[in-house]
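Trainee:
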Amino acid sequence: MWVFGTAFALTVATHAVAAREKRCGWLENPTPANWWLVDKDDSWTLSTQGSPPVPGFDEMPDMSTHGWVVTNAGMHGYGCACLDLEINPRTREVTRIVVARPLPLKRCKADRTLPAP
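The number in our numbering is simply the position in the sequence shown, starting from 1, with 1019 added.
Right, dumping it as structure tokens:
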């Protein structure tokens, strides 16, 4: 019986449950289909060219409503945002965008913990 219990415990331990985290920082879209959020801790990939975006990406609101800096043709650039993300605690990959909201550019510019966009 202890073998079954040990096997069950190992199975449960290897299946990481995504944890919901609020992440605020620079939302970057430098080229078509490439999107990520850079906060004080890391860069969080939301979409890359040639791959499907993370679930919830298509439900994000217009992120340019509180300021958007165009750095490339076709409105590609960056803004400031807060996203509630589900993140796999083992791989640290975004598994879902739960909520996204744009913020004024001045908020990210004033945050000394953020790298430059």
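We put the CB at the ideal spot given by N, CA and C, even for glycine.
Quick check on the DSSP output: the alpha helix (DSSP H) that includes residue 1126 runs from which residue to which?
Mentor: 1124–1129
Trainee: Keeping to the same chain, check which residues put their C-beta closer than 6 Å to that of residue 1040; ignore five residues upstream and five downstream.
Mentor: 1104 and 1106
Trainee: Under 9 Å, do residue 1056 and residue 1100 count as touching if we go by C-beta distance?
Mentor: yes
Trainee: Taking residue 1097 and residue 1063 to be in contact with their CB atoms under 8 Å, please state how far apart those CB atoms are, rounded to whole angstroms.
Mentor: So it is not a contact: roughly 14 Å between Cβ atoms.
Trainee: Would you call the segment 1070–1085 in contact with the segment 1109–1121, where contact means no fewer than 3 C-beta pairs closer than 8 Å?
Mentor: With a cut-off of 8 Å on Cβ pairs, the segment 1070–1085 is in contact with the segment 1109–1121, counting three or more such pairs.
Trainee: Work out the CA separation of residue 1053 and residue 1060 for me, nearest whole Å.
Mentor: 20 Å
Trainee: Just the C-alpha distance for residue 1035 and residue 1109, rounded to the nearest angstrom, thanks.
Mentor: 6 Å
Trainee: Out of 1095, 1114 and 1091, which one is the CA nearest neighbour of residue 1071?
Mentor: 1114
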